[in-house]
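Q: Position one of the sequence shown corresponds to residue 150 (the numbering used here), numbered consecutively onward. Take this structure, written in structure tokens, and hold onto it; I'll ask about it next.
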Amino acid sequence: MSAVTMVQAIARTLDEEMARDDRVVVVGEDVGKRGGVFLATEKLFDKYGPDRVIDSPLSEAAIIGAALGMAVHGLRPVAEIQFSDYVFPGFDQLVSQVAKLRYRSGGQFTAPMVVRMPAGGGVKGGHHHSQSPEAHFVHTAGLKVVFPSTPSDTRGLLKSAIRDEDPVVFMEPKRLYRAVKEELSDDPDELIPIGKAAVRLRGDDVVLVSYGGSMAETTRAAKALVEQGFSPHVIDLRSLAPWDEETVLEAVARVGRVVLVSEAPRSASFISEVAATIAEELLDQLLAPPLRVTGFDTPYPYAQDREYLPGPARIMRAVQHALDY
């Protein structure tokens, strides 16, 4: 296949899965004739028609609630929320209904559905188009949460999410939608298992752990560290619920130093849970405390969004602190 961007990988994956399984349907605001606000569903309406590519009213509660009804009745809906910031009007449907269905019914019913949402900052979107609300969903039992950073991972994980028997919140770093291209496999059944991290670089001096949009800055920091003679070990979590504790703990136990990077606000962030797990499991093997490089506990700014995001300079300062500890 030719190289594609992340948003093209999403469109191609949806096309492949809709062709493979006629139970797969797409629902959301402007996903039909418009092809989605980011064109992630481009051309699907023309190919599959209004019964499988459904333009919804402007109501996130209706989108998620309708998708739940579809899932219960045998379909495999992929619901799109235009921005992760918009998911909160549908929060009750997702957290109280979708996530609880298997538990509430004693396993008699499941909700095999995906809720896609572009997330994160870096696009001058201000505080209504830039948030990273993944911690809300990781905290909710019954939901799987995925946050890839590359086109190929997006494809493999989205396929796994669509085929999963339980609901998956599929978060997409919109600032990476068109930032990089990758060649995709010709195998339409090449899946990436949910819950498995990827080791992007092997090293011995410090472990860098990140996911989603922050992987771009983490990768740049790692390259700069290599140029300075250091040996970073870089892990892309890809999945947040469940997350790959084994891969992270093995690396940190071997190296002894870890810096965790996320653009979400610092307090009660998902990356803080990873840091807590490392401290609980590996306290006597650490050469320095787990260090976090995150967004700030403020509303996301419009004018200085790049200053809000954890950039390479902040990451490298944390690495130096870990090395000097």
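For glycine and all other residues, C-beta sits at the position ideal for the given N, C-alpha and C.
Starting from the Cα of Asp302, find the closest Cα among Pro238, Ala467 and Met320 and give me that residue.
A: When each option's Cα is compared against that of Asp302, the closest is Met320.
Q: According to DSSP, simplified to helix, strand and coil, what is Val272?
A: Val272 falls in the coil class under three-state DSSP.
Q: In terms of DSSP beta bridges, what is Glu332 paired with?
A: Ala152, per the DSSP bridge assignment.
Q: Would the segment 345-356 and the segment 245-257 be scored as touching if the rule is three or more Cβ pairs under 8 Å?
A: Result no; under three Cβ-Cβ pairs closer than 8 Å.
Q: Pairs of beta-carbons, one from the segment 260-280 and one from the segment 340-348, closer than 8 Å: are there three or more?
A: Too few Cβ pairs lie closer than 8 Å, so no.
Q: Who are the near neighbours of Ala400 in its chain, counting only those whose CB is closer than 6 Å to its CB and skipping five residues on each side?
A: Counting only Cβ-Cβ distances below 6 Å, and skipping sequence neighbours, we find Val356 and His382.
Q: Specify, as a first and last residue, the run of the alpha helix (DSSP H) that Phe286 falls within.
A: That run of the alpha helix (DSSP H) goes Glu283 to Val287.
Q: Locate the alpha helix (DSSP H) running through Phe187, then write down its first and last residues.
A: Per DSSP, Phe187 belongs to no alpha helix (DSSP H) and is neither H nor E.
Q: Exposed or buried, which one is Gln453 when buried takes at least 16 other CB atoms within 10 Å?
A: It is exposed - the Cβ of Gln453 has fewer than 16 other Cβ atoms within 10 Å.
Q: If I follow the unbroken beta strand (DSSP E) through Ser359, where does it start and stop?
A: Where Ser359 is concerned, the enclosing beta strand (DSSP E) stretches over Val355 to Ser359.
Q: So, Val95 versus Val423, is the Cβ gap smaller than 8 Å?
A: Nothing can be reported for residue 95: it is not among the residues displayed for the chain, which extend from 150 to 474.
Q: Determine the direct distance from the alpha carbon of Ser380 to that of Ile213, and round the result to whole angstroms.
A: Cα to Cα, Ile213 sits roughly 45 Å from Ser380.
Q: Where does Ala168 land, buried or exposed, given buried means 16+ other C-beta within 10 angstroms?
A: Its Cβ having fewer than 16 others within 10 Å, Ala168 is exposed.
Q: Could you check if Val247 is buried or exposed, using at least 16 other CB atoms within 10 Å of its CB as the buried criterion?
A: With 16 or more other Cβ atoms within 10 Å, it is buried.
Q: Could you spell out the range, first to last residue, of the alpha helix (DSSP H) harbouring Pro337?
A: Looking at the DSSP string, Pro337 is not in any alpha helix (DSSP H), and its letter there is neither H nor E.
Q: At 4 residues or longer, and completely inside the segment 347-405: list those alpha helix (DSSP H) runs for me, N to C.
A: For the segment 347-405, whole alpha helix (DSSP H) runs of length 4 or above, ordered along the chain, are 363-376 and 394-404.
Q: Secondary structure at Ile203, three-state DSSP: helix, strand or coil?
A: In the structure shown, Ile203 sits in a strand (DSSP, three-state: E or B).
Q: From Pro206 to Val180, what does the alpha carbon distance come to, in whole angstroms?
A: If I take the Cα positions, the gap works out to 11 Å.
Q: With a threshold of 16 other CB atoms inside 10 Å of the CB of Ser208, please say whether the residue is buried or exposed.
A: By the neighbour-count rule (16 or more Cβ atoms within 10 Å), Ser208 is not buried but exposed.
Q: For Gly270, which of Pro438, Ser421, Val468 and Pro414 has the nearest alpha-carbon?
A: Considering only alpha carbons, the answer is Pro414.
Q: If you reduce the DSSP assignment to three classes, tell me which class Leu435 lands in.
A: Coil, per DSSP.
Q: Can you find the residues in the same chain that come closer than 6 Å, C-beta to C-beta, to Ser279, ignoring five residues on each side of it along the sequence?
A: Once the five neighbours on either side are set aside, the close Cβ partners of Ser279 are Gly270 and Tyr449.
Q: Taking buried to mean at least 16 other C-beta atoms within 10 Å of its own C-beta, is Gln326 buried or exposed?
A: Checking the displayed sequence, the identity of residue 326 turns out to be Tyr instead of Gln. Buried.
Q: Give the straight-line distance between the Cα atoms of Leu250 and Phe258, rounded to the nearest whole angstrom.
A: Taking the straight line joining both Cα atoms gives about 6 Å.
Q: With DSSP run on the structure shown, which of helix, strand or coil describes Leu440?
A: It is a strand residue.
Q: With the cut-off set at 8 Å, would you say Val287 and Ala310 are in Cβ contact?
A: For Val287 and Ala310, no; Cβs fall outside 8 Å.
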